[in-house]
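Participant: For reference, each letter of the first sequence is one residue, going 50 to 883 in this note's numbering.
For glycine and all other residues, C-beta sits at the position ideal for the given N, C-alpha and C.
What you are looking at is a predicted structure, and each value in this text was computed from that prediction instead of being measured.
This is the structure, below, for whatever I ask next.
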Amino acid sequence: MDKYDHKTIEAKWQDFWEKEKIYQASDSSKKPKKYVLVEFPYPSGEGLHMGHLRPYTAGDTFSRYWRMKGFEVLYPIGWDAFGLPAENYAIKNKVHPRVSTAKNVENAKRQLKSWGMSFDWSREVNTTDPGYYKWTQWIFLQLFKAGLAYEATGLINWCPKDKTGLANEEVIDGKCERCGTPVEKKELRQWYLKITAYAEKLLEGLKSLKEWPEPVKLQQENWIGKNEGAELEFRIRNYELGIRVFTTRPDTLFGATYMVLAPEHPLITDIKNQISNIKEVEEYTENTKKKSDIQRTAVEKEKTGVELKGIKAINPATKEEIPVWVADYVLMGYGTGAIMAVPAHDERDFEFAKKYRLPIRTVINNPSALPNASASPLILRGDETAEEPPLNIRGDSLPHSLPRAGEGELYTGEGVLMNSGKFDGMDSEQVKAEITKFVGGQKKTQYKLRDWVFSRQRYWGEPIPLVHCEKCGIVPVPEDELPVTLPEVKDYEPTGTGESPLAAIVSWVNVKCPNCGGKAKRETNTMPQWAGSSWYWLRYTDPQNDKEMASKKLVKQWTPVDVYFGGMEHTTLHLLYSRFWNLFLYDQGYVTAQEPYTKRVPHGIVLASDGEKMSKSRGNVVNPDDVIEKFGADTLRMYEMFLGPHGDTVFWNDKGIVGVKRFLDKVWRSAVSNYPSPSGGGWSKVGRGLHALIKKITADLEAFKFNTCISAFMEFLNKNENMAQADFEVFLRLLAPFAPHTTEELWHQLGYRDSIHQQLWPEFNEKLAQDTKITFVVQVSGKLRATLEMPTGSSQAEVKAKVVSDKNVKKYLADKEVVKEIFVPDKLINFVLR
RNA sequence: GCCUGGGUGGCGGAAUUGGCAUACGCGCAUGGCUUAGGACCAUGUUCCGAAAGGAUUGAGAGUUCGAAUCUCUCCCCAGGCACCA
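Here is the structure:
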């Protein structure tokens, strides 16, 4: 064979690997372990796409590398198969999701095998398998028993197209994460997981994740959104209840000239009969409800609000009576749903005060503002108690006590207090605690993270294993009755009323209470798709266990995951959720690692060559199956890596692939023409360069710089087309994780019987990896004037002696005085002229 | 608006972290092989210039013997968050 026939060869070795089971991870191995994880795919009808190839190839290459390094590597795969597409397909075509899913799994599995992935198929899991979701339900029950799952009625995100509630994390830019439909707010009874109880631990844990990329950690940190401040109470005039507010700036309390309640704030209904313009207020709050989140939070939008006439709050610091407003720029979901407004020191309050002519009182001195008010006559300072009152434009003195409505200056920084009674002259940063104490408030930590809306009004998900009993209330299904299996339904169509299609299966819904035996109904909501993936890496360690989620011994043996390849888009979804579940299971003593993933390696997205997302409607999809048909898996894998750095967005471009194909053909030709018969052993004359190659490939692999590995291979082969056979064998071993089929075939052609993937990774000798000669850079005043071949380790004197005789350099040095000479060993010599 | 990345030939990208900018690949050009080729092989290919030489890493400044790399100002692109008090 003088040409590499990828179809025959790749199929042949895929069968061989499967038969020999060389990629199965052994629980009883004496070798040190490594756990390589890739995000398991959703088996869609379209099959796997280029986007899957990127992390899977990286994980595969890495697994192969670690196996050759002598580790027992666990590289498992499974199916995240609950979810909407299968269900929507069922609605349309009346095919049970179980059936279509099985078909899609079959196809995706064929694809993964054709890519030459070294997965351990004996550990395959499927989230829709009752033997799997039994344990998803079991974990839910543990959360429930720990008080971390609760039912509540509240305003939640609702996707009108998918007809289900959504978690906060599933709303991207105000739209449904799955289908892109603008999300609405709906008042619904929902199950929540109290992820907020783990806010601090999730934040704390990030600090221990030394091998996570900073941007990923930062994004999670921002999502959790910790904010330290104070909770203060403002009394309402002639009323027993007060208004509690959260603020990060208690130091500006003296500047709080009004208050704002969120439109949903319960106080508005409580004091309804004291509000003289209640009609106007209710009209406003009703209007707000109708608006979508997108409309409500649009930045360009001008702020609106209505004053609660007849209501006055009392600023606890100044004892002044201040107006109370309702405005939709205050959100019910954060803090207490009410704020103290300090227009002089908060941008939003400033804007609002300007519009509605509310008083703006400066209480923090802006150190960068000009001290003399007359120097900037347009800026009015409010009720400063300076001895000489500031001047307005006409030069008149201003009234002393009250700030002029709607006029003033905005300054949001820290500084020295003014107009703040006994706190005047103190530093704003230091005075925060004191002022909080002065008005009887408390220090308070707020998080932006919200509890996880955990129920979905859809069919194709794990049933929530709870029962509603008329007498006992909510009762968990006993653990020995798990799993609560999904019943067959006639109609998958979501009802849209906030009830799941399961509610219509009377025979399934009506049960006896496990507690009292009385009449009870099953919970009919299902879990979100994120449930199954929140613990799947644990199941891989012990996938057949029907007594436990996974045996503690095996969990301890394999976890944490050493390296987890996946997408940036899961940073505040799967990655956050699974860390939460793991932390919980850790606290309960079921898992041994506090953090599930030691290292996270994100990949860039694969876009079409037109720079757009690959999509059927655009017609720019490149199907990996077609590329494999034409070029083979090794070429596809290597080209995908060669496109660009693993973390970068890459554009698929059909044109460049021939470069990688040519390289592999060249490897093939080189082998077939140079080494027709088996022999081997020892190092040869190109050994030096080869040591350098081993060093380079090893280092770049460890740093996930796959693209430069490929260049290094190409460069080496270009220079050493006819290397000695022993060297070629080393070259093949280095290339094996990248081109598993080609290298396996050539390895066997060289006479070996074992798989190349079970060979050891080549070691390099540091001394031999160094060049014996190096090219010196000769500069005159920092400009390159010559280069010079010198033996490694040459001294300054040796280099100089050789350099000054160089014609070119002489020309530049003639009649000039050398002020300074810079010598960098094995690199450069620079003559600085006057 | 805020927070992250990033900006290098015609294109994808490389540069041992302050020391030969443009490796490797695509494309293109010329030549070879071929009945033919959009196959393969060889050579060349940052820009200006006939050459000597000069210029060049988004723009501008600075530090340094020396800057793609460090500092400052500005512009642009991608991603995340966004009326979060």
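How would you call isoleucine 871, buried or exposed, if buried means at least 16 neighbouring beta carbons within 10 angstroms?
Facilitator: Around the C-beta of isoleucine 871, fewer than 16 other C-beta atoms lie within 10 Å, and the residue is accordingly described as exposed.
Participant: Which first and last residues belong to the alpha helix (DSSP H) in which glutamate 233 is found?
Facilitator: Glutamate 233 -> not in any alpha helix (DSSP H); beta strand (DSSP E) instead, spanning 233 to 242.
Participant: Can you have a look at leucine 795 and say buried or exposed, based on whether 16 or more other CB atoms are within 10 angstroms of its CB?
Facilitator: buried
Participant: Please report the distance separating the alpha-carbon of lysine 162 from that of proline 179.
Facilitator: Each residue's Cα considered, the two are about 25 Å apart.
Participant: Have a look at the DSSP bridge pairing and note the partners of alanine 201.
Facilitator: For alanine 201, DSSP records a beta bridge to Gln239.
Participant: Do you know whose CA, among Val610, Phe614 and Gly738, lies nearest phenylalanine 650's CA?
Facilitator: One detail in the question is off: residue 650 reads as valine in this sequence, not phenylalanine. The shortest C-alpha separation from valine 650 is found at Phe614.
Participant: What first and last residue would you give for the beta strand (DSSP E) that runs through isoleucine 285?
Facilitator: 276 to 285
Participant: Assess, as a yes-or-no matter, whether the stretch 690 to 697 is touched by the stretch 756 to 769 under the definition of 3 or more beta carbon pairs within less than 8 Å.
Facilitator: By the Cβ rule, the stretch 756 to 769 counts as touching the stretch 690 to 697, because three or more pairs are nearer than 8 Å.
Participant: Tell me, to the nearest whole angstrom, how far the beta carbon of leucine 882 is from that of glutamate 866; I am working on the premise that it is less than 8 Å.
Facilitator: 7 Å
Participant: Is DSSP giving asparagine 414 helix, strand or coil here?
Facilitator: strand
Participant: Thinking just about the alpha-carbon of each residue, which of Val480, Gly638 and Thr647 is nearest to the one in leucine 624?
Facilitator: Thr647
Participant: Judging by CA-CA distance, which residue of Gly510, Gln643 and Val538 is the nearest neighbour of alanine 130?
Facilitator: Gly510
Participant: If you draw a straight line from the alpha carbon of arginine 628 to that of leucine 634, how long is it in whole angstroms?
Facilitator: 10 Å
Participant: Spatial neighbours of threonine 213 within its chain, please: C-beta separation below 7 Å, excluding the five flanking residues on both sides.
Facilitator: Arg505, Gln506, Arg507 and Pro543
Participant: Below 6 Å CB to CB, which residues in the same chain sit around glutamate 219 once its five sequence neighbours on both sides are set aside?
Facilitator: Glu226
Participant: What does a CB cutoff of less than 7 Å around tyrosine 199 pick up in its chain, not counting 5 residues either side in sequence?
Facilitator: Tyr241 and Lys243
Participant: Under three-state DSSP, which class holds tryptophan 164?
Facilitator: When secondary structure is reduced to three states using DSSP, tryptophan 164 falls in the coil class, being assigned neither helix nor strand.
Participant: So, with DSSP's three-state summary, where would you put phenylalanine 825?
Facilitator: strand
Participant: For phenylalanine 465, which residues does DSSP report across the bridge?
Facilitator: A small fix is needed here, since residue 465 is valine in this sequence, not phenylalanine. Asn414 and Asp476.
Participant: Please state whether DSSP places tryptophan 701 in a helix, a strand or coil.
Facilitator: coil
Participant: Is valine 87 closer than 8 Å to glycine 108 when the C-beta atoms are compared?
Facilitator: yes
Participant: For the beta strand (DSSP E) holding valine 640, just list the boundary residues, first then last.
Facilitator: Segment: none, valine 640 is in no beta strand (DSSP E) and carries neither H nor E.
Participant: For the alpha helix (DSSP H) holding proline 673, just list the boundary residues, first then last.
Facilitator: 673 to 680
Participant: Leaving aside the five residues before and after glutamate 433 along the sequence, list all residues of the same chain whose C-beta is less than 8 Å from its C-beta, in chain order.
Facilitator: Annotation note: pLDDT 35 at glutamate 433 (below 50); position unreliable, no value reported.
Participant: Tell me whether the beta-carbon of methionine 389 lies closer than 8 Å to the beta-carbon of leucine 267.
Facilitator: no
Participant: Cβ atoms of arginine 686 and threonine 150: under 8 Å apart, would you say?
Facilitator: no
Participant: Quick check: what's the CA-CA separation for isoleucine 273 versus aspartate 64?
Facilitator: 47 Å
Participant: I'd like to check one pair, glutamine 239 with isoleucine 205: are the Cβ atoms closer than 8 Å?
Facilitator: Yes, the pair counts as a contact, with Cβ atoms nearer than the cut-off.
Participant: Assuming tyrosine 84 is part of the alpha helix (DSSP H), what are its boundary residues?
Facilitator: No alpha helix (DSSP H) holds tyrosine 84; the beta strand (DSSP E) holding it covers 82 to 87.
Participant: Count Cβ pairs between the stretch 305 to 320 and the stretch 389 to 407 that sit closer than 8 Å; are there 3 or more?
Facilitator: yes
Participant: Looking at the structure shown, is lysine 143 part of a helix, part of a strand, or coil, going by DSSP?
Facilitator: coil
Participant: When the distance is taken between beta carbons, is glycine 581 closer than 8 Å to threonine 57?
Facilitator: Contact flag unset, no.
Participant: Which residues share a DSSP beta bridge with asparagine 559?
Facilitator: Lys570
Participant: Per DSSP, glutamate 155 forms a beta bridge with which residues?
Facilitator: BP columns for glutamate 155 are empty, so no partner.
Participant: Considering only the beta carbon of each residue, do isoleucine 292 and alanine 366 sit closer than 8 Å?
Facilitator: no
Participant: For glycine 119 versus phenylalanine 89, is the C-beta spacing smaller than 8 Å?
Facilitator: no
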